[in-house]
Amino acid sequence: MAHADILAGPVSEALYRRALEAITGGVNSPSRGMEALGGGAPPFIERAEGAYLYDVDGRAYIDYVQAFGALILGHARPEMLRALDEASRRGLLFGACHPGEVQLAERLRQLFPVCEKVRFTASGTEAVMTAVRLARAATGRRVLVKFEGSYHGHFDAVLVGAGSGASTLGLDESAGIPEGIKADVVTLPYNDAPAAERWLEAHGRDAACVLVEPIVGNFGLVEPVPGFLERVARAARAVGALVIFDEVITAFRFRPGPVYVELGVEPDIVTFGKILGGGLPIGGYGARRHIMELVAPAGPVYQDGTWAGHPLSVACALATLDLIGQDAGLYRRLDDLGRALAAGVRDGAARRGVPLVVHQRCGAVSLFFTSEPDVRDFSGVRRTDARAFARFVRAMLRQGILLPPSPYEVWFLSAAHTEREVERTIRAVDAALEAVLDGS
Ligand SMILES: Cc1ncc(COP(=O)(O)O)c(C=O)c1O
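Quick look at the structure:
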């Protein structure tokens, strides 16, 4: 598949050529590349507002990437810009304690029932990396148990059998990971509680933690089958392992807090990031007091960071919590739009006879080009039709709809999307499905 000619306009093309010379692979995060679509220049974005991105060629796109799930309020929301402006006038970085981080921690304690204490980091990767270190210190054990196709950031241990951008490039195992680290990681199939129970029963005495996305957002949107999380958590605790829920994508995506509250299973440690920062980098983790007090300087587990608790990220996080808190109808509206979008896509596929499974929860939607009845795990996503997906996404892009350029990523709606954008998207889906059928 070589479609390098049709994805982006001439100014983006020229920038991409320069980027390929100056930035390795032309991108600063592999997820942004067009490799899964057959290659070519991605649109280079000049500005963003509401539900739209505008590229350097003057093209507008309805944005369903939403910064890979980091945004829920839409782009350049005036209240967020004001919060950022006010915070920046007080100084950009202190390298010292400040009132905002205390306020933010106090508010998160109220929103995340298991978090008697929290700690902020600069990214989700750092949050999960420290959560795993903390679990290892708390249990005195070495093995990290996680699930196929999930993505938890880019530190060594979680890149063993990693999902998301790594899956897109077929790099389920990054090069450069020492054998010693691989030996301490076990990757099990998601949504297969008996497999997890069997493994934990047989080998669980070495397990420090079970790390899981409570709802997967990294091989499409895949929800846990009933009982999966409960059984995994029970089996982990039965052998003395801790349960870490990685809520970097899910926290604030489906409700004003972590999704585990809705799912009814509580972790021992929870990580968060993305949406909380309102567009600025943030991550963090929290747990009950006795676990969190193992972290330095209270205890012996080391975690540090020049950017941790960054005043601008914290100001944007506080503004995000305010805006989410003030908008009582936000998640209902996102769910209505998500349902309408999913229904429109399903109808279009049924009318044209394109085999398609659509998952939707609140404002998160994902499509699987498959004739199987459903997709429940990573192997199911791997069996989907990658060529049909690529044709579909390219045809959507040509119509001004920006979808994540990977079958493993989820489409996200934001508070700025309305029926108008969703209706336009559904009309575009019709033409894109035609492109899937005629192979263009
Ligand atoms: C579930 C999950 N955990 C962790 C991360 C890593 O977060 P970050 O990109 O902020 O390092 C991601 C990023 O996509 C994620 O989806």
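Counting with my numbering, you get residues 9 to 448 for the letters of the sequence shown.
Backbone N, C-alpha and C fix where the C-beta goes; we use that ideal spot for every residue, glycine too.
Predicted model only: the values in this text are computed from it and were never measured.
### Task
Closer than 6 angstroms by C-beta to Val153: which residues in its own chain qualify, once you throw out the five before and the five after it? Chain order, please.
Val194, Ala215, Val218
### Query
To which residues of the same chain is Ala68 closer than 8 angstroms at the C-beta, ignoring the five residues directly before and after it?
Tyr60, Leu61, Tyr62, Gly408
#### Entry: Start-to-end residues for the beta strand (DSSP E) that takes in Val218
215–220
### Message
Here's the rule: buried if 16 or more other CB atoms are within 10 angstroms of the residue's CB, otherwise exposed. What is Asp276?
### Response
buried
### Message
Below 7 angstroms, is the gap between the Cβ of Glu231 and the nearest heavy atom of ligand 1?
### Response
no
### Message
Going by DSSP, what residue range makes up the beta strand (DSSP E) through Arg239?
### Response
Careful: Arg239 lies outside any beta strand (DSSP E), inside the alpha helix (DSSP H) at 236–246.
### Query
Exposed or buried, which one is Tyr310 when buried takes at least 16 other CB atoms within 10 Å?
exposed
### Task
Using only the heavy atoms of ligand 2, determine whether one of them is closer than 7 angstroms to the beta carbon of Phe76.
For ligand 2, the structure offers nothing, since it holds only ligand 1.
### When His162, Glu205, Leu81 are compared against Tyr339, the one with the closest alpha-carbon
Leu81
### Query
By Cβ distance below 7 angstroms, which residues in the same chain neighbour Glu87 in space, the five residues on each side in sequence not counted?
Ala327, Leu331
### Query
When you compare only the Cα positions, how much space is there between Thr314 and Gly103?
7 angstroms
### Task
Helix, strand or coil for Tyr72, going by three-state DSSP, please let me know.
coil
### Message
Just to confirm my understanding: we take Val389, look at its own chain, exclude 5 residues before and 5 after, and list those with CB closer than 7 angstroms. What are they?
### Response
Gly157, Phe227, Gly228, Phe376, Val383, Pro415, Tyr416
### Query
Does the beta-carbon of Gly285 have 16 or more other beta-carbons within 10 angstroms, so that it is buried, or is it exposed?
buried
### Task
On a CA-only basis, which of Ala316, Arg354, Gly346 is nearest His106? Give me that one, please.
Ala316
### Query
So who's on the other strand from Ala372, going by DSSP bridges?
Arg369, Phe420
### Query
How about Asp214: is its Cβ closer than 7 angstroms to a heavy atom in ligand 1?
no
### Task
Look up Gly454 in the DSSP assignment and give the residues it is bridged to.
Nothing about residue 454 can be read from this structure; the chain reaches only from 9 to 448.
### Query
Pick from Pro305, Val278, Ala424, Ala304: whose alpha carbon is nearest that of Gly346?
Ala424
### Query
Asp343 to Gly371, Cα distance in whole Å?
5 angstroms
### Task
Note down, in chain order, each residue of its chain lying with its Cβ closer than 8 angstroms to the Cβ of Val267, except the 5 sequence neighbours on either side.
Pro222, Ile223, Glu255, Thr258, Ala259, Arg261
### Task
Would you check whether ligand 1 has a heavy atom nearer than 7 angstroms to the C-beta of Asp254?
yes
### Message
Classify Val401: buried if its beta carbon has 16 or more other beta carbons within 10 angstroms, exposed otherwise.
### Response
buried
### Query
If we ignore side chains and look at the alpha-carbon of each, how far apart do Tyr159 and Val220 end up?
9 angstroms
### Task
Would you decide whether Ile283 is buried or exposed? Buried here means 16 or more other CB atoms lie within 10 Å of its CB.
buried
### Task
With DSSP collapsed to three states, give me the class of Gly286.
strand
### Message
By the three-class DSSP mapping on this structure, what secondary structure does Tyr198 have?
### Response
coil
### Task
Apply the 10 Å Cβ neighbour rule to Arg150 and answer buried if 16 or more other Cβ atoms are within range, or exposed otherwise.
exposed
### Message
Are the CB atoms of Phe120 and Gly352 within a distance shorter than 8 angstroms?
### Response
no
### Message
For Ala244, tell me which candidate among Arg213, Val233, Gly265 has the shortest Cα-Cα distance.
### Response
Arg213
### Beta bridge counterpart(s) of Asp382 as assigned by DSSP
Answer is none; Asp382 lacks a bridge partner.
#### Entry: Leu405 versus Val418 - alpha carbon distance
16 angstroms
### Query
Does DSSP put Ala443 in a helix, a strand or coil?
helix
### Member of Arg206, Gly447, Lys125, Val430 whose CA lies at the smallest distance from the CA of Asp393
Gly447
### Message
Which residues does DSSP list as the beta-bridge partners of Ile53?
### Response
Asp63
### DSSP state of Ile299 mapped onto helix, strand, coil
helix
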